[in-house]
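Enquirer: Mind the numbering: the sequence shown is residues -12 to 308 in this note's numbering, read in order. Beta carbons are placed, not taken as given, at the ideal position from N, Cα and C, and that holds for glycine. Since the model is a prediction, treat every value here as computed from it, not as a measurement.
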Amino acid sequence: MNVLVTGGRGYIGRAVAHGLAEAGHTVVSFDMAPLVGEKPRAASSIRQVVGDVRDEPALTRTLQDHAVDAVVHLAGKIVVSESVAEPLPYWDHNVGGGIALLKAMLAANVRQMVFSSSAAVYGAVAAEPIPEHHRRDPLSPYGRTKLTMEWMLEDLDRVGAVHYVALRYFNAAGAVPGVTVERHQPETHLIPNALAAAASGPPLKIFGSDYDTGDGTAMRDYVHVGDLADAHRLALDHLAQGGASMALNVATGLGYTVAEVVASLERALGQPVPTVAADRRPGDPPLLIGRGTAIREQLGWVPAHPDLDDITASAVAANRP
Ligand code: UFG
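Rendered as structure tokens:
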């Protein structure tokens, strides 16, 4: 298939684009990032279009010029705390961009979308691991923009305009050698911050030590970025075979605390990660673990790297000079 990947030059987008190209799809990446710097291993087989996901005419042209059959939509803004402080750019990029893309898809008669949603759609969680039917009541503007996109896709699916799989990511982590390394600007994520602390300091701030999680630090469900990418490939196959629209967690069902992640990184590094206790970060839930059974049943997704030590080892290896 010819597949458009929006946000194809981001941390997760690179893994998705590469995985689809390796599976034999023709991949077009559509991303705002200029074409400089690190190249994915499969760069030669991935066509790169530089553009803004809010630019409907550019999207329509790209879909038509490349005879695109299906879209994987990752482009968007992703920092939860930033979305609380500055909500409008989140609505603009994540929902405005989503509407522009959906209009372009309808104009170009492209009817299938795999959408990058988030565990952030759930909000305060009453049950762990979280099942897909859990109440969706996001705490942040970021989460609300993702939920709004899910609602829009549900409405379009109901009238047969677009069929979709919304993948609710839990914590993407780790690296695929030569393809993608976890880096953001600004960096707010645990593993890159811990690796930076180990390399040269300042110490890693551990946000909260008084959660009800055993060791007191917050617990998350870490999914290897290569496994996350694989979920997109399977979701596209599902839609191509006429499968029903649905929303699925991409989760292992396993929870690890911040202290456990740091200990795992220390094993992989063979050196300590300097840390300092800090206050809880506003908006952080104590635990976020997803039930991962539906995606296994519906798509046959089996994570190759559910083990935390595998994930941290891949991050450490990718960051070695
Ligand atoms: N943490 C620290 N110190 C740091 C960075 C993070 O202690 O320097 C802690 C956080 O407080 C949290 C855990 O490590 O408890 C994981 O934090 P991340 O920032 O790595 O990831 P989040 O769980 O905050 O966010 C992830 C995605 C978001 C998504 C969210 C779903 O990165 O895009 O899950 O709620 F929205």
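Could you check if Val66 belongs to the surroundings of ligand 1, using beta carbon to heavy atom distance under 8 Å?
Expert: At least one heavy atom of ligand 1 is nearer than 8 Å to the Cβ of Val66, so yes.
Enquirer: Count the other CB atoms, across all protein chains shown, that sit within 10 Å of the CB of Leu22; report buried if there are 16 or more and exposed otherwise.
Expert: With fewer than 16 other Cβ atoms within 10 Å, it is exposed.
Enquirer: Are at least three pairs of beta-carbons, each pair with one atom in the segment 70 to 85 and one in the segment 275 to 293, less than 8 Å apart?
Expert: Touching, no, given that fewer than three Cβ pairs across the two stretches are closer than 8 Å.
Enquirer: Whole-angstrom Cβ separation of Met59 and Leu223, contact assumed at under 8 Å?
Expert: For the record, residue 59 in the displayed sequence is Val; it is not Met. At roughly 7 Å, the Cβ-Cβ gap stays under 8 Å, so Val59 and Leu223 are in contact.
Enquirer: Return the chain-ordered list of same chain residues with a C-beta closer than 6 Å to the C-beta of Leu182, the five sequence neighbours on each side being excluded.
Expert: These residues qualify, in order along the chain: Asn306.
Enquirer: Identify whether Gly84 lies in helix, strand or coil by the three-state DSSP scheme.
Expert: In this structure, Gly84 counts as helix in the three-state DSSP scheme.
Enquirer: So which of Gly277, Ala185, Ala106 and Met92 has the shortest CA-CA distance to Ser251?
Expert: Among Gly277, Ala185, Ala106 and Met92, the Cα nearest to that of Ser251 belongs to Ala185.
Enquirer: Over the uninterrupted alpha helix (DSSP H) stretch that includes His176, give me the two end residues.
Expert: Taken as a continuous stretch (DSSP letters only), His176 belongs to no alpha helix (DSSP H), as it is neither H nor E.
Enquirer: For Asp217, which residues of its own chain have a beta-carbon under 7 Å away from its beta-carbon, when the five flanking residues on both sides are left out?
Expert: Cβ neighbours of Asp217 beyond the five flanking positions: Gly6 and Trp288.
Enquirer: Determine the direct distance from the alpha carbon of Ser70 to that of Arg170, and round the result to whole angstroms.
Expert: Computed Cα separation, rounded: 19 Å.
Enquirer: Take the Cβ of Pro27 as the centre, count every other Cβ of all protein chains shown within 10 Å, and call the residue buried at 16 or more, exposed below.
Expert: With a pLDDT of 49 at Pro27, under the threshold of 50, the modelled position of that residue is not reliable, and the figure given next carries that caveat. That one is buried.
Enquirer: What is the rounded straight-line gap between the Cα of Gly257 and the Cα of Gly203?
Expert: Distance between the alpha carbons of Gly257 and Gly203: 24 Å.
Enquirer: Indicate the three-state DSSP secondary structure (helix, strand or coil) for Ile282 in the structure shown.
Expert: Ile282 falls in the helix class under three-state DSSP.
Enquirer: Leaving out five residues before and five after Gly(-5) in sequence, what residues of the same chain have Cβ atoms less than 6 Å from its Cβ?
Expert: Hits under 6 Å: Ala4, Ser16 and Asp18.
Enquirer: Counting along the chain, where does the beta strand (DSSP E) carrying Gln35 start and finish?
Expert: Its beta strand (DSSP E) spans residues Ile33 to Val37.
Enquirer: Can you find the residues in the same chain that come closer than 7 Å, C-beta to C-beta, to Pro293, ignoring five residues on each side of it along the sequence?
Expert: Cβ within range, chain order: Thr239 and Leu241.
Enquirer: So Ala62 and Val40 are supposed to be a Cβ contact under 8 Å. How far apart are they, rounded?
Expert: Between Val40 and Ala62 the Cβ distance is about 4 Å, and since that is below 8 Å, they are a contact.
Enquirer: Closest to Val(-10) by CA distance: which of Ile33, Val248 and Tyr(-2) is it?
Expert: Comparing Cα-Cα distances from Val(-10) to each of Ile33, Val248 and Tyr(-2), the minimum goes to Ile33.
Enquirer: Alpha carbon to alpha carbon, what distance is there between Leu235 and Asn158?
Expert: Their Cα atoms are separated by approximately 14 Å.
Enquirer: Starting from Tyr77, trace the alpha helix (DSSP H) in both directions and tell me its first and last residue.
Expert: Element bounds for Tyr77: Pro74 to Tyr77.
Enquirer: If you draw a straight line from the alpha carbon of Asp266 to that of Ile65, how long is it in whole angstroms?
Expert: Computed Cα separation, rounded: 22 Å.
Enquirer: Do Ser104 and Pro269 count as a contact pair if the criterion is CB distance below 9 Å?
Expert: Cβ distance not < 9 Å, so Pro269 and Ser104 don't count as in contact.
Enquirer: Provide the residue(s) that pair with Ile298 in DSSP beta bridges, ordered along the chain.
Expert: For Ile298, which the question treats as bridged, DSSP gives no partner whatsoever.
Enquirer: Would you mind sorting Pro290 into buried or exposed? The rule is 16 or more other CB atoms within 10 Å of its CB.
Expert: Classification for Pro290: buried.
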